[in-house]
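Data block below; observations after.
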Amino acid sequence: MRLSYSDKAVTGLLTVVPANERSFVDEMANFNFSPKRSLKLKEVMGYDRHRIVSGPVCSSDLAVAGIEHLFASGKLQREDIGALIVVTQSPDYLMPATSSVIQGRLGLHDDIFCIDINQGCAGFIIGLMQAFMLLDQPAIGKVVLVNVDVMSRKVSPRDRNSYPLIGDAASVTVIERRAGARPIEASLKMDGTRREALMIPAGGFRRPSDASTAEMVEDSEGNFRALDNLIMDGSAVFNFVMTEVPELIGDLLAQTGTQAEAVDAFLCHQPNRFMLQKLADKVGVSHDKMPSNIVEHFGNSSGVTIPLAAAFNLREQLLERPLQVCLAGFGVGLTWGAMLMELGPLEFCEMIDYEEDE
Amino acid sequence: MSKILAILAEIRPEFDFSQSHDFFEDGMLDSFDLVTLVSDLDKAYGISIDGMDIVPDNFSNVGAIEALLTRSGVTP
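Heads up: the sequence lines are chains A and B, in that order.
Residue numbering for the first sequence follows the working numbering, beginning at 363 and increasing consecutively.
Residue numbering for the second sequence follows the working numbering, beginning at 2 and increasing consecutively.
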């Protein structure tokens, strides 16, 4: 599906990561593999450190900390928020929506459109699309998009496929109307027939959690996980990304008459270094133009990785001047989307740590 | 020992890869070893194996790896 938006712009970006940092080397003993094999994997995949919550921190905690920081520093006024979009796979509750929790905790006015979207690694693209649509309403002048996940709480620490790369984080993105802004072009695809490639099988209404769903089971590769945990079919996901994403990006560039050389940065979801470098090779762009360093510094925080990649790698440039960027998100659903847009100059582009209470 | 066998032996020294026709069926490589193998082959031959080719069938034995390298434009 091709989508176009006009007169919209991202005006500010904040990321929030837990202060708690774990190292892959310290966690290797949890995995049922030799240290030598794990260290080789560390080198290839880019596993090094990841930021995860250590206590019962919820998505709304990270989001509220981020938005309150923006209020306190005068970068965002609470009365200006016309819509609050929260994209998460780790809601505080099954009901009510986490956006309602955040609205209530922040004391936002009631003349507001709050909505949750259950999306993961394509969640930044999906959230921006929703924000652009809401901004077509004159009553809404400023949209706050929150991408947030605390998925480390749902990943088995003995699962070498997922645990070394998982990260927790939130981002707060402000989107507004901007007359004369360059058109934003996007493409989005979904395939629910491949929904089991990334899933948490238990805990919903289809399979409520009970003692049996908490039982750890060893898979054929020596990983231990339960039905309550995130399960990722790594081979299927890799194949999906290599098959679908280069074509999606290539088609979007071709349809918009954009040369890859004219794009300043390809900001993609950050599953691991190996996959991103293979993706860059397949798209035909240099590894420098497609940052792949978020997993090694922070871990993979689902829909937050694109804003993290922007803030971590391009903060100074984004504060100074517009960059032509191609965003690409891909993951659970399965869902894959790409967006060509001008990003910057931003009013703020900041990264903060979240300190947990003792 | 061939270059390919040397790379395989470095990844999993406990196995004799020259005697197997299917490294995955025989439990000698898993999906993460495959990633390591691709990375090592890329470096050894100065190539980037196409992401679409990174499937177990192309790495299941020495002959399959040789065929893939040939398709990738290098001499195994």
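No residue lacks a Cβ here, since even glycine has one placed at the ideal position from N, Cα and C.
All values derive from a computational prediction rather than experimental measurement.
Within chain A, partners of M53 (chain B) - CB distance below 7 Å: M604 and T605
On the DSSP bridge assignment, give the partners of F628 (chain A) in chain order. F628 (chain A) is bridged to A:C688.
8 Å Cβ cutoff, F33 (chain B) in contact with chain A: yes
Compute the distance between the beta-carbons of G665 (chain A) and G691 (chain A), then report whether it is under 8 Å. It is a contact, given that the beta carbons lie within the stated cut-off.
Between V687 (chain A) and M637 (chain A), how many whole angstroms is the CB-CB distance? I'm expecting something under 8 Å. With a Cβ gap of about 20 Å, V687 (chain A) and M637 (chain A) do not count as contacting.
Boundaries of the alpha helix (DSSP H) in which M4 (chain B) is found, first to last residue: Just to set this straight, residue 4 (chain B) is Lys in the shown sequence, not Met. The continuous alpha helix (DSSP H) containing K4 (chain B) extends over residues K4 to I12.
Give a yes or no on whether 8 Å exceeds the smallest Cβ distance from T76 (chain B) to chain A. no
Using C-beta distances below 6 Å, list every residue in its chain close to V63 (chain B), excluding the 5 sequence neighbours before and after it, in chain order. I5
Residue nearest to G565 (chain A) in terms of C-alpha spacing, selected from A:E583, A:D498 and A:D590: Ranked by how close their Cα comes to the Cα of G565 (chain A), the residues A:E583, A:D498 and A:D590 have A:D590 in first place.
From the DSSP output, in three-state form, read off H431 (chain A) for me. helix
Spatial neighbours of F600 (chain A) within its chain, please: CB distance less than 8 Å, with the 5 preceding and 5 following residues excluded, ordered by chain position. M637
Any Cβ of chain B within less than 8 Å of the Cβ of G619 (chain A)? no
Cα separation between A642 (chain A) and D472 (chain A)? 45 Å
Taking C-beta pairs closer than 9 Å, name the residues in chain B that L680 (chain A) reaches, listed in chain order. Per Cβ cutoff of 9 Å: no residues; L680 (chain A) is ~29 Å from chain B at best.
Shorter than 8 Å from the beta carbon of D613 (chain A) to some beta carbon of chain B? For D613 (chain A), the nearest beta carbon of chain B is not closer than 8 Å to its own beta carbon.
Chain B contact for S597 (chain A) (CB, 8 Å cutoff): yes
Quick one, which of A:K402, A:N382, A:P380 and A:A381 has its alpha-carbon nearest M390 (chain A)'s? The candidate whose alpha carbon is nearest that of M390 (chain A) is A:K402.
Measure from the alpha carbon of L610 (chain A) to the alpha carbon of each residue in A:S385, A:D572 and A:S549, then state which is nearest. A:S549
To the nearest angstrom, how far is it from the Cα of T575 (chain A) to the Cα of R587 (chain A)? 10 Å
The alpha helix (DSSP H) that contains R384 (chain A), what's its start and end? R384 (chain A) -> not in any alpha helix (DSSP H); beta strand (DSSP E) instead, spanning E383 to S385.
Any beta carbon from chain B within less than 8 Å of N591 (chain A)'s own beta carbon? Cβ-Cβ to chain B under 8 Å: no for N591 (chain A).
Alpha carbon of L376 (chain A) to alpha carbon of R544 (chain A), nearest angstrom: Separation of L376 (chain A) and R544 (chain A) (C-alpha to C-alpha, rounded to the nearest whole angstrom) is 23 Å.
Could you name the residues that DSSP lists as bridge partners for A371 (chain A)? A:E538
Given this structure, state the Cα-to-Cα distance separating L30 (chain B) from R13 (chain B), to the nearest angstrom. 8 Å
With 7 Å as the limit, tell me which residues of the stretch 37 to 50 of chain B have their beta carbon closer than that to any beta carbon of chain A; keep them in chain order. T37, S40 and S49
Does the distance from the CB of P380 (chain A) to the CB of S533 (chain A) come in under 8 Å? no
Three-state class that DSSP yields for N726 (chain A) in the structure shown: Nothing in the structure corresponds to residue 726 (chain A), since chain A is present only between 363 and 720.
Does DSSP put E682 (chain A) in a helix, in a strand, or in coil? Here DSSP, grouped into helix, strand and coil, assigns E682 (chain A) to helix.
For S19 (chain B) and G489 (chain A), the rounded distance between their alpha carbons: Approximately 51 Å between the Cα atoms of the pair.
C-alpha gap between P684 (chain A) and L705 (chain A), whole angstroms: 5 Å
On the CB-based measure, 16 or more other CB atoms within 10 Å of its CB, does A559 (chain A) come out buried or exposed? Burial call: buried.
If I'm right that A425 (chain A) touches I487 (chain A) with Cβ under 8 Å, what's the distance once you round it to whole angstroms? The pair is not a contact, with the Cβ atoms about 19 Å apart (cut-off 8 Å).
Could you tell me whether any Cβ in chain B is nearer than 8 Å to the Cβ of M407 (chain A)? The beta-carbon of M407 (chain A) is placed less than 8 Å from the nearest beta-carbon of chain B.
Distance between beta carbons of V657 (chain A) and Q632 (chain A), contact taken as under 8 Å: 5 Å
What is the DSSP secondary structure of K437 (chain A), counted as helix, strand or coil? coil
Measure the C-alpha to C-alpha separation of A28 (chain B) and I66 (chain B) and round it to an integer number of angstroms. Rather than Ala, the amino acid found at residue 28 (chain B) in this sequence is Gly. Roughly 17 Å between the two C-alpha positions.
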